[in-house]
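Q: So the sequence shown is numbered by the numbering used here: it starts at 2 and just counts up by one.
Just so you know, even glycine gets a beta-carbon here, dropped at the ideal spot from N, CA and C.
Given the structure is predicted, the values throughout are model-derived calculations rather than measurements.
Okay, here's the structure, questions in a sec.
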Amino acid sequence: MATVLSVSGSPSASSRTSRLLRHLDQRLAAQGHDVIPLDVRTIPAEALLGADFRHPAIVEAIELFARADGVVVGTPVYKASYSGVLKALLDLLPQYALAGKTVLPLATGGSVAHVLAIDYALRPVLNSMGAAHIVQGWFTLDKDLSVQDDGSLAVAPAATEALGQVVDQFSAALGRTPLLAVAG
Numbered sequence: 002m003a004t005v006l007s008v009s010g011s012p013s014a015s016s017r018t019s020r021l022l023r024h025l026d027q028r029l030a031a032q033g034h035d036v037i038p039l040d041v042r043t044i045p046a047e048a049l050l051g052a053d054f055r056h057p058a059i060v061e062a063i064e065l066f067a068r069a070d071g072v073v074v075g076t077p078v079y080k081a082s083y084s085g086v087l088k089a090l091l092d093l094l095p096q097y098a099l100a101g102k103t104v105l106p107l108a109t110g111g112s113v114a115h116v117l118a119i120d121y122a123l124r125p126v127l128n129s130m131g132a133a134h135i136v137q138g139w140f141t142l143d144k145d146l147s148v149q150d151d152g153s154l155a156v157a158p159a160a161t162e163a164l165g166q167v168v169d170q171f172s173a174a175l176g177r178t179p180l181l182a183v184a185g
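Take a look at the structure:
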């Protein structure tokens with residue numbers, strides 16, 4: 002199947018966004034995909050903020066994007082947009098780092114007032130980076146995600162169903178990359 006890079010744009014080590022991505026990674030892996038997790042917060046701040054393109058962590062991140070057939074991008078929503086740490090990474094990637102790739106944008110936040118952050122903040126950036134196909138994204142309310150005592154994530158039933166649908170659509174789309182996007 003496909004190689005999927007699962008990128009968490011959360012700056013927090015205890016992030017529900019990161020836990021959600023790792024939870025969804027399991028579904029993608031069960032469907033036969035090779036899933037590579039990337040938590041942007043683990044990239045040294047001096048490399049991200051100093052735009053050190055030669056830093057080994059930045060070089061590795063660029064290589065991970067190049068290897069991937071598909072990319073899941075998850076972010077908490079802050080001030081109606083995606084996280085600054087995610088922006089710092091996206092700014093360091095080559096202009097067309099998503100060329101020929103299928104992308105699934107995901108976001109989490111505390112209020113439905115931020116639901117359009119995917120379409121008005123994140124999707125345009127992903128599109129400008131040459132994504133061949135950006136599938137329908139999904140916004141999950143923080144209240145629908147709870148961390149269990151063992152560290153696992155519990156997702157509310159309605160959110161589980163919706164997330165399952167968008168992940169399955171992403172998985173199906175991985176095999177249908179337009180030829181024009183690959184040729185560019």
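Taking 6 Å as the limit between beta carbons, can you name the residues of its chain near GLY165, skipping five residues before and five after?
A: So no residue of the chain qualifies.
Q: Where does LEU175 fall in DSSP's three states?
A: The answer is coil: DSSP assigns LEU175 none of H, G, I, E or B.
Q: Classify ALA98 as helix, strand or coil using the three-state DSSP reduction.
A: It is coil, neither helix nor strand.
Q: Please state if the CB of VAL167 and the CB of GLY105 are separated by a distance shorter than 8 Å.
A: First, the residue type needs correcting, since residue 105 is Leu and not Gly in the sequence shown. In this structure, VAL167 lies closer than 8 Å to LEU105 by Cβ.
Q: Taking contact to mean at least 3 C-beta pairs separated by less than 8 Å, is the stretch 18-38 in contact with the stretch 46-61?
A: Contact between the stretch 18-38 and the stretch 46-61 is absent, because fewer than three Cβ pairs lie under 8 Å.
Q: What is the DSSP secondary structure of PHE66, counted as helix, strand or coil?
A: Three-state DSSP puts PHE66 in a helix.
Q: Please state whether DSSP places LEU142 in a helix, a strand or coil.
A: Correct three-state label for LEU142: strand.
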